[in-house]
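This report concerns only the one structure given below.
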Amino acid sequence: MEPSWRKPAGVIGLLLYLTIYAGIVAAFANELSQLPTALMVIAYLLLGMAWVLPLRPLFIWMNTGRWTARK
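Under the numbering used here, the letters of the sequence shown match residues 155 to 225, in that order.
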């Protein structure tokens with residue numbers, strides 16, 4: 155079986171996306187630090203998990219070669 159090029163390409167795309175996403179979140183760090191502690195924790199928890207949802211199609215493509223899961 156020949157190795158797939160999708161996984162290395164997907165990892166490069168993932169790293170690029172995460173770099174941009176982290177930069178955007180870091181740009182709001184000053185505003186987030188002004189929030190009360192409880193809200194700040196919630197905001198960072200949500201922002202820490204929010205990056206996964208837009209990447210779901212990329213993860214599916216890396217494993218199957220299709221952009222959507224089979225139904």
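Note that the Cβ used here is the ideal one computed from N, Cα and C, for glycine as well.
Since we're looking at a predicted model, the values are computed, not measured.
Secondary structure of Phe213 (DSSP, three-state): helix. The three-state secondary structure of Leu170, taken from DSSP, is helix. Between Met216 and Gly177, the CB-CB gap reaches or exceeds 7 Å.
Considered as a whole, the segment 180 to 212 harbours 183 to 187 and 191 to 204 as its complete alpha helix (DSSP H) runs of no fewer than 4 residues, in chain order.
Ranked by Cα distance from Leu209, the options Leu172, Glu185 and Leu186 are led by Leu172.
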